[in-house]
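Participant: Have a look at the structure that comes next, please.
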Amino acid sequence: MQLPLAAIRAPNQAVEDSISHGALWVVGKSPSAMEAATKCPAGDDDKQLLHVDPIPAELLLETYKRKIADEGRLFLAEFQSIPRVFSKFQIKEARKSCNQNKNRYVDILPCPKDETVDDFWRMIWEQQSSIIVMVTRCEEQNRNKCAEYWPSMEREAEIFGDFAVKITDENICPDYIIRKLTVTNKREKNSERAVTHIQFTSWPDHGVPGDPHLLLKLRRRVNSFTNIFSGPIVVHCSAGVGRTGTYIGIDAMMEGLEAEGRVDVYGYVVKLRRQRCLMVQVEAQYILIHQALIEHNQFGETELPLSELHSSLSNLSRREPSTEPSLLEIEFQRLPKYKNWRSQNSGNHEDNVPKSRDSNVIPYDYNRVHIKINEDNSQESEQEEDSDDSSDDDSDDETETKYINASFIDGYWSKRSLIATQGPLPETTEDFWLMVFQRKTKIIVMLSELKEGEKRKESRVISQYHFHKWTGQDLPEKPEELVDMIRKMKENTPKSCVNEDSKQSSNGPVVIHCNDGASRTGVFCALWNVLDCANTEKVIDIFQTAKALRKERPGMLMSFEQYSFLYNIMAQTFPAPQNGDIKASPCNTEDKIEVVNEQKQETTNLEEKQSNQESALNQSNAHPTAVPPPKEEKEAKSQNDAPKEAEKSSAENPANGPTVASEVQ
Numbered sequence: 001m002q003l004p005l006a007a008i009r010a011p012n013q014a015v016e017d018s019i020s021h022g023a024l025w026v027v028g029k030s031p032s033a034m035e036a037a038t039k040c041p042a043g044d045d046d047k048q049l050l051h052v053d054p055i056p057a058e059l060l061l062e063t064y065k066r067k068i069a070d071e072g073r074l075f076l077a078e079f080q081s082i083p084r085v086f087s088k089f090q091i092k093e094a095r096k097s098c099n100q101n102k103n104r105y106v107d108i109l110p111c112p113k114d115e116t117v118d119d120f121w122r123m124i125w126e127q128q129s130s131i132i133v134m135v136t137r138c139e140e141q142n143r144n145k146c147a148e149y150w151p152s153m154e155r156e157a158e159i160f161g162d163f164a165v166k167i168t169d170e171n172i173c174p175d176y177i178i179r180k181l182t183v184t185n186k187r188e189k190n191s192e193r194a195v196t197h198i199q200f201t202s203w204p205d206h207g208v209p210g211d212p213h214l215l216l217k218l219r220r221r222v223n224s225f226t227n228i229f230s231g232p233i234v235v236h237c238s239a240g241v242g243r244t245g246t247y248i249g250i251d252a253m254m255e256g257l258e259a260e261g262r263v264d265v266y267g268y269v270v271k272l273r274r275q276r277c278l279m280v281q282v283e284a285q286y287i288l289i290h291q292a293l294i295e296h297n298q299f300g301e302t303e304l305p306l307s308e309l310h311s312s313l314s315n316l317s318r319r320e321p322s323t324e325p326s327l328l329e330i331e332f333q334r335l336p337k338y339k340n341w342r343s344q345n346s347g348n349h350e351d352n353v354p355k356s357r358d359s360n361v362i363p364y365d366y367n368r369v370h371i372k373i374n375e376d377n378s379q380e381s382e383q384e385e386d387s388d389d390s391s392d393d394d395s396d397d398e399t400e401t402k403y404i405n406a407s408f409i410d411g412y413w414s415k416r417s418l419i420a421t422q423g424p425l426p427e428t429t430e431d432f433w434l435m436v437f438q439r440k441t442k443i444i445v446m447l448s449e450l451k452e453g454e455k456r457k458e459s460r461v462i463s464q465y466h467f468h469k470w471t472g473q474d475l476p477e478k479p480e481e482l483v484d485m486i487r488k489m490k491e492n493t494p495k496s497c498v499n500e501d502s503k504q505s506s507n508g509p510v511v512i513h514c515n516d517g518a519s520r521t522g523v524f525c526a527l528w529n530v531l532d533c534a535n536t537e538k539v540i541d542i543f544q545t546a547k548a549l550r551k552e553r554p555g556m557l558m559s560f561e562q563y564s565f566l567y568n569i570m571a572q573t574f575p576a577p578q579n580g581d582i583k584a585s586p587c588n589t590e591d592k593i594e595v596v597n598e599q600k601q602e603t604t605n606l607e608e609k610q611s612n613q614e615s616a617l618n619q620s621n622a623h624p625t626a627v628p629p630p631k632e633e634k635e636a637k638s639q640n641d642a643p644k645e646a647e648k649s650s651a652e653n654p655a656n657g658p659t660v661a662s663e664v665q
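Below, the structure written as structure tokens:
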């Protein structure tokens, strides 16, 4: 049973507008456009409404394509026909002089401000709400969007008027934060209540989330905490109308889709606006509701809790009858191929075609890695590039950038924290290292073997993890060793390199490469992200992970064998729970991964040994970010100082050497 929702403004004013969808309450904040919006004569509101038929589930995608055509002309006509404010509904209480400071905006009357936090908690108490959904950050673009009306883990408890609020737990995930709170009314004895606070943190400062799946995931989290005995769910953003209305619209239409097999998005937004002005504030939010419904209708729910992984995988793998495809195969076949969904102009340019190993794996322009020719402007250009990762246009002048077959991949914790690239060709080796240098990469993962006679010289402090046991075309021989290597990497990697946005860290993205930069690299990137999700949220969603990777680079996870491998290795990594506890299998990397200091590494090849000594000497004398000295200078220094340097390196701990290679033998 779905609880009703309540829409309110971010704590600023505790004015409740009951939205007639079960138990959601919307909290908003506001008070200028209101005056203009209410000038239309009473009774004219309904005359401008259109007749829009409900959409059957099987026609959702077809209807969406028809309405989004011609720059969304039909969507725009629908949205603009809905009055922003229905004038026949009075707004008296919010306009009283005593309530003016409780409104965050002048055009949205009846979320929390500092002045209204006490009222906010009183509303939570009186309505017996046990779930709060917050669809904003407290500050966005240096603007205050909502008061922080809960205590931090450091403060533990705070008093808001008659109410003492304590925080008992906080689980931080990439897209949301779940806080466990207890609220006590000082005027009542034995009055402690539990409240779950879910804050969605991935709504962009401008526009709407690029992936509607994020809001469906948020809805699943909210519904997992619902209690039929508690009051309405309170939903708020900053104003309590745009993002709040969008979330409530998705929630209500999902219920309608599941119960009736059809949806009336237009009619429901009209209904919302009759109960709270400006709900679903902009056209993009109106369209997003449709996109979320299509996402669910096409792909369903593919997320699995770890506690149900083994039983679910058994059901997914079963064939009934044996000649029919399994549910897992059907799930894989639903994955979109995303052929030609974004431009690939740079990679297909005649000058760049020879730089790609596989003509079927050409990076998309919107997320390809740019190599800056002008080093002085590289950092500034990198910031500009990262700020707009959705454009198909390759706006950089070809005289200022060089092409490399490499794509940025979003990690679990942050965007563009991985780079998928092909193994360097002889003519692109210099570009490969230039990319590593400019992107401040400190970790390289190599999933294929070097051809005989090829050599690599590292000009920076780099950790290279070379996985040898992948001789087959698609899958590694011993997958558990690949998992062990990833775990070891995460243990030995500074948190800022794995968990934080690379734009706020000196650590650059992890570079992963195989032969074509897609087949084995796709498996590795998927496993990297799925393991993080499993450890953090105790769930996995291999379908959505594969879907996201396919959107970021062609050729990722294209075979069913790779897809089923991810399920099987996760089941192997997280054995069936015992007594309700889910524990990962122990890491066995100690006897499989050898950490070698290349300064000490013995070799029978005299030329390779001399090269290693030269590289070690250069790295011990140069600043890590400095440009390497000319080759002649390095050779002269190595001849004079190599014996001393070799003596020094022999006393160092192999794990602390300046250049480290970790290899699975």
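Take the sequence shown: its position 461, counting from 1, is numbered 461 in full-length UniProt numbering, and each next residue is one higher. All C-beta atoms, glycine included, are put in the ideal place defined by N, C-alpha and C.
(1) Taking Cβ to Cβ, would you say Leu304 is nearer than 7 Å to Ser312?
(2) Check whether the stretch 244-261 and the stretch 289-308 touch, using three or more Cβ-Cβ pairs below 8 Å as the test.
(3) So the alpha helix (DSSP H) Ser463 belongs to, where does it begin and stop?
(4) Can the beta-carbon of Gly245 be found closer than 7 Å to that of Val270?
(5) What is the DSSP secondary structure of Phe225, counted as helix, strand or coil?
(6) Taking Leu184 and Phe163 to be in contact with their CB atoms under 8 Å, please state how far apart those CB atoms are, rounded to whole angstroms.
(7) How should Arg276 be labelled, buried or exposed, when 16 other C-beta atoms within 10 angstroms of its C-beta is the threshold for buried?
(8) Across which residues does DSSP place Asp169 in a beta bridge pair?
(9) Should the stretch 316-325 be called in touch with the stretch 343-358, which here means at least 3 C-beta pairs below 8 Å?
(10) Taking DSSP as the reference, what is the three-state secondary structure of Val195?
(11) Just to confirm, are Val241 and Val133 a CB contact at a threshold of 7 Å?
(12) When the Cα atoms are used, what is the spatial distance from Thr659 to Leu434?
(13) Since I believe Ile371 is in contact with Thr401 (beta carbons under 8 Å), could you give me their beta-carbon distance rounded to a whole number of angstroms?
(14) For Met489, name the three-state secondary structure that DSSP assigns.
(15) Should Thr168 go down as buried or exposed, given a rule of 16 or more other Cβ atoms within 10 Å for buried?
(16) Are Val234 and Ser130 closer than 7 Å when you measure CB to CB?
(17) Could you give the C-beta distance for Leu74 and Lys67, rounded to a whole number, given that I count them as a contact under 8 Å?
(18) DSSP three-state label for Ile124, please.
(19) Going by alpha carbons, who is nearest to Gly267 out of Ala548, Tyr563, His51, Asp516?
(20) So Lys547 and Pro336 are supposed to be a Cβ contact under 8 Å. How far apart are they, rounded?
(21) Do Ala420 and Ile512 have their CB atoms nearer than 7 Å?
(22) According to DSSP, Pro305 sits in a beta bridge with which residue or residues?
(23) Please name the residue, chosen from Asn405, Phe332, Thr201, that lies closest to Ser356 on a Cα-to-Cα basis.
(24) Do Tyr247 and Val369 have their C-beta atoms within less than 7 Å of each other?
(25) Here's the rule: buried if 16 or more other CB atoms are within 10 angstroms of the residue's CB, otherwise exposed. What is Ser191?
(26) Within 7 Å of any Cβ in chain C, is that where the Cβ of Tyr266 sits?
(27) Per DSSP, Leu418 forms a beta bridge with which residues?
(28) What residue range does the alpha helix (DSSP H) around Val436 cover?
(29) Might you give, ordered along the chain, the residues of its own chain that have their beta carbon closer than 6 Å to the beta carbon of Gly423, omitting 5 neighbours on each side?
(30) If contacts are defined as beta-carbon pairs under 8 Å, then Ala508 and Thr429 qualify, I think. What distance do you get, rounded to the angstrom?
(31) Would you check if there are 3 or more beta carbon pairs closer than 8 Å linking the stretch 477-487 to the stretch 407-419?
(32) Given a cut-off of 7 Å on the beta-carbon distance, is the pair His310 and Ala534 in contact?
(33) Following the continuous beta strand (DSSP E) through Ile82, name the residue where it begins and the one where it ends.
(34) Need the endpoints of the beta strand (DSSP E) that His51 sits in, please.
(35) Starting from the C-beta of Pro212, find all residues in its chain whose C-beta is less than 7 Å away, skip the five residues before and the five after it, and write them out in chain order.
(36) Once DSSP output is grouped into helix, strand and coil, what is the label at His236?
Facilitator: Quick answer:
(1) yes
(2) yes
(3) Premise fails: Ser463 lies in the beta strand (DSSP E), 463-467, not in any alpha helix (DSSP H).
(4) no
(5) coil
(6) The sequence given here places Thr at residue 184; Leu does not occur at that position. 7 Å between Cβ atoms; contact.
(7) buried
(8) Lys180
(9) no
(10) strand
(11) no
(12) Per-residue confidence for Thr659 stands at a pLDDT of 35, beneath the threshold of 50, marking its modelled position as unreliable; no derived number is given.
(13) 6 Å
(14) helix
(15) exposed
(16) no
(17) 4 Å
(18) helix
(19) His51
(20) 7 Å
(21) yes
(22) Val539
(23) Asn405
(24) no
(25) exposed
(26) Reference to chain C is not applicable here, since this structure consists of a single protein chain.
(27) Ile409, Val510
(28) 429-438
(29) Ser448, His513, Asn515
(30) The sequence as given places Gly at residue 508; Ala does not occur at that position. Not a contact, Cβ separation roughly 19 Å.
(31) no
(32) no
(33) Taken as a continuous stretch (DSSP letters only), Ile82 belongs to no beta strand (DSSP E), as it is neither H nor E.
(34) Premise fails: His51 is in no beta strand (DSSP E) and is neither H nor E.
(35) Leu288, Gln291, Ala292, Glu295
(36) strand
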